[in-house]
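Undergrad: So in the numbering used here the end of the sequence shown lands on 387, straight run, no missing numbers. Can you keep this structure in mind? I'll have questions shortly.
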Amino acid sequence: MTDADYMERALLHAGRGRGRTSPNPVVGALVVSDGVVVASGYHERAGEAHAEVRALDAAGPRARGATLYSTLEPCCHTGRTGPCTERIVAAGIRRVVAAVRDPNPRVAGGGFAALRARGIEVVAGVMEEEAARANQPFFTWTREGRPFVTLKIALSRDGRVAAGRGVRTAITGPASDRHVHRDRAETDAIGIGVGSVLTDNPLLTARGAWRERPLTRVVFDRSLRTPPSARLFSTLTAGPVIVCTLANAVDGEAAVALRGAGAQVEGIRGNFLPEALRRLGELGVTSLILEGGPALHGSAWRACLVDRVQLYIGQRALGVDGVPWLDGGTFSLRALSRVGTRWLGGDLLIEGDVHGPH
Numbered sequence: 030m031t032d033a034d035y036m037e038r039a040l041l042h043a044g045r046g047r048g049r050t051s052p053n054p055v056v057g058a059l060v061v062s063d064g065v066v067v068a069s070g071y072h073e074r075a076g077e078a079h080a081e082v083r084a085l086d087a088a089g090p091r092a093r094g095a096t097l098y099s100t101l102e103p104c105c106h107t108g109r110t111g112p113c114t115e116r117i118v119a120a121g122i123r124r125v126v127a128a129v130r131d132p133n134p135r136v137a138g139g140g141f142a143a144l145r146a147r148g149i150e151v152v153a154g155v156m157e158e159e160a161a162r163a164n165q166p167f168f169t170w171t172r173e174g175r176p177f178v179t180l181k182i183a184l185s186r187d188g189r190v191a192a193g194r195g196v197r198t199a200i201t202g203p204a205s206d207r208h209v210h211r212d213r214a215e216t217d218a219i220g221i222g223v224g225s226v227l228t229d230n231p232l233l234t235a236r237g238a239w240r241e242r243p244l245t246r247v248v249f250d251r252s253l254r255t256p257p258s259a260r261l262f263s264t265l266t267a268g269p270v271i272v273c274t275l276a277n278a279v280d281g282e283a284a285v286a287l288r289g290a291g292a293q294v295e296g297i298r299g300n301f302l303p304e305a306l307r308r309l310g311e312l313g314v315t316s317l318i319l320e321g322g323p324a325l326h327g328s329a330w331r332a333c334l335v336d337r338v339q340l341y342i343g344q345r346a347l348g349v350d351g352v353p354w355l356d357g358g359t360f361s362l363r364a365l366s367r368v369g370t371r372w373l374g375g376d377l378l379i380e381g382d383v384h385g386p387h
């Protein structure tokens, strides 16, 4: 087997931590001796042992003289856990193969340098793109200070989002709904505009899918029209509700009422949406699904704040009286890369990246 073969296996282990490690990355590791995988590990939760340490613990004395494969550069600093580089040296690892450099400024090549300084052979860049793609939220949050944003929308076959203004309209079927809730179970936060609150009054929870961590719900509401009676305030046991509004509204009666309902009200200064996303990044939100509506989607798209797009196309046509998604010319599938399609029951899911994995 080649280094790429082993790294592919390490990436499969990394995926076992999806939805559980934020704000840390997902990482998988293998210990290989004489062509045999003697141990594996993955990062299970933030604050717990890293993937390399779990693999080394499982390998025990079999790690001496072996090769360690890791989907991310081993850390060289002390955070909630100690530096992985020291454990690698102490275990007697002869060679380290890593997929991608850690963008965290506290690492950023320092892990590789520390290992080489102790006489360990380091090979970096094996399946680099695949590993970076697996950690797009972590990379975006670390480098840009905001969450990785997925724009999600359900469209009729003629490109409409609702039968009329203010009309709650079912467009997709059960298979699409299950897929949406599985995605919700793995993201840090769901975001909607106040118009979606007033029209749909959603719960914004992950239903029918197991989720270990609290799910943050975000309402973008410049003028604080969100009613304290909104249904999402009945789901605070599922996670916090953050209402982002203009800074001059945080002390008004509407803000007081929302705090009384359980909301965390964040006042935003400057360019509203980019600064709101930056504030969410400060709060530790690394991934965000924007579920609506068209005004919020249009603002995010025009501001180049969207990293991934998910279009759920239903079979139903809503006609000329239906509400269009975005203004003509605002969005084009040609703007996406790595576009994939699949059927979810009778609905077509189209997914694609806006930015590359780095």
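Built from N, CA and C at the ideal position, the CB exists for glycine as well.
(1) Just checking my contact of S185 with A346 at CB under 8 Å: how many whole Å lie between their CB atoms?
(2) Starting from E295, follow the alpha helix (DSSP H) in both directions and report where the run begins and ends.
(3) Note the first and the last residue of the continuous alpha helix (DSSP H) segment covering E304.
(4) What are the boundary residues of the alpha helix (DSSP H) that includes W372?
(5) Where do the N-terminal and C-terminal ends of the beta strand (DSSP E) with E157 fall, by residue?
(6) Out of H210, G224 and C273, state which residue places its alpha-carbon closest to the alpha-carbon of L309.
(7) Would you tell me roughly how many angstroms separate the C-alpha atoms of D131 and E304, rounded to the nearest one?
(8) Where are the beta strand (DSSP E) runs, 3 residues long or more, that stay fully inside the stretch 183-242, in chain order?
(9) Give the single residue among D382, W372 and G343 whose Cα lies nearest to the Cα of W330.
(10) How many whole angstroms separate the CB atoms of F249 and V223, which I take to be in contact at a CB cut-off of 8 Å?
(11) Any chance the stretch 365-374 sits against the stretch 232-239, with 3 or more Cβ pairs inside 8 Å?
(12) Measuring CB to CB, does S62 end up less than 8 Å from G94?
(13) Output the boundary residues of the beta strand (DSSP E) element that contains I117.
(14) Compare the C-beta of T315 against all C-beta atoms of chain B and say whether one is closer than 8 Å.
TA: For this structure:
(1) Indeed they touch by this definition, with Cβ atoms about 6 Å apart.
(2) No alpha helix (DSSP H) holds E295; the beta strand (DSSP E) holding it covers Q293 to I297.
(3) From DSSP, the alpha helix (DSSP H) with E304 extends over F301 to E311.
(4) Taken as a continuous stretch (DSSP letters only), W372 belongs to no alpha helix (DSSP H), being part of the beta strand (DSSP E) at S366 to L373.
(5) DSSP places E157 outside any beta strand (DSSP E); the residue lies instead in the alpha helix (DSSP H), whose first and last residues are E157 to A163.
(6) For L309, the nearest C-alpha among the options comes from C273.
(7) Distance between the alpha carbons of D131 and E304 is about 25 Å.
(8) Fully enclosed beta strand (DSSP E) runs of 3 or longer: 189-191 and 218-222.
(9) Looking at the Cα atoms, D382 is the closest of the given residues.
(10) Taking C-beta atoms under 8 Å as the contact rule, F249 and V223 qualify, at a distance of about 7 Å.
(11) Output reads no: the stretch 232-239 does not touch the stretch 365-374.
(12) Contact flag set, yes.
(13) According to the DSSP assignment, I117 belongs to no beta strand (DSSP E) but to the alpha helix (DSSP H) extending over C113 to A120.
(14) Of the protein chains in this structure there is only one, and it is not chain B.
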